[in-house]
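**Student:** Attaching a single structure in structure tokens format; questions to follow.
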Amino acid sequence: LLPVKAEMSFLGGSLGDVTSAQNNLAAIFVKLGDLKAAEVLYRKAVRHREHYYGHSHPTVARSLEMLGNLLAEVGELQEATLLLQRALSIRNEVFGKDDVESAATVLNLSTVQCRRGQYVSGRDLFKKWLRIMLQALGASHPTCIWAVQWLDRWP
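Numbered by the numbering used here, the letters in the sequence shown go through residues 4 to 158 in order.
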């Protein structure tokens, strides 16, 4: 964590500020197409947040999810699945299984499962996401309407 202390000194903030900056900079690298640089920063953010907040904190889950989504994008589906499952476990523990915070991770995990060819698992996760969103937003919300229609067309 020595380099992080230098970053903290430079940024004039706490380790939490530095890890937020790492996540934000990684997201910029993703937009610029430099996925390797983004991966390095997301991994640093995970390590530093685990050290600073502990292994079961929502900010750790956020970094795990961002890294998992990036790895899914580059085809590292096995590791992406593990990271998203861990993020979901943290979110379920902190927010509950039916919370919208957990739902976003459920949807991301559904997508990865489908990309891995595990369509039944992916569909089950999508249904779970939809159930949470229907409870949170109601059946007349555009997202829920789209999701119900999309699920009806699921192969």
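Note that CB positions come from ideal geometry on N, CA and C, so glycine has one too.
Keep in mind it's a predicted model, so treat the numbers as computed, not measured.
As a quick exercise: from 52, 151 and 67, pick the residue whose alpha carbon is nearest that of residue 112.
**Tutor:** In the sequence shown, the residue the question calls residue 112 occupies position 109. Among 52, 151 and 67, the Cα nearest to that of residue 112 is on 67.
**Student:** Mind checking whether residue 45 and residue 80 have CB atoms under 8 Å apart?
**Tutor:** One-based indexing of the sequence shown puts residue 45 at position 42. One-based indexing of the sequence shown puts residue 80 at position 77. The answer is no: Cβ separation not under 8 Å.
**Student:** State buried or exposed for residue 84, treating a residue as buried only when at least 16 other CB atoms are found within 10 Å of its CB.
**Tutor:** Walking along the sequence shown from the start, residue 84 turns up at place 81. The residue in question, residue 84, is buried, as its Cβ has 16 or more Cβ neighbours within 10 Å.
**Student:** Rounding to the nearest angstrom, what Cα-Cα distance links residue 54 and residue 145 in this structure?
**Tutor:** The residue you call residue 54 lines up with position 51 of the sequence shown. The residue you call residue 145 lines up with position 142 of the sequence shown. Answer to the nearest angstrom: the Cα atoms are 40 Å apart.
**Student:** According to DSSP, simplified to helix, strand and coil, what is residue 61?
**Tutor:** Taking the sequence shown and counting its residues from 1, one reaches residue 61 at position 58. It is helical.
**Student:** Confirm, please, whether the CB-CB distance from residue 33 to residue 41 is below 8 Å.
**Tutor:** In the sequence shown, residue 41 corresponds to position 38, counting from 1. In the sequence shown, residue 33 corresponds to position 30, counting from 1. Yes.
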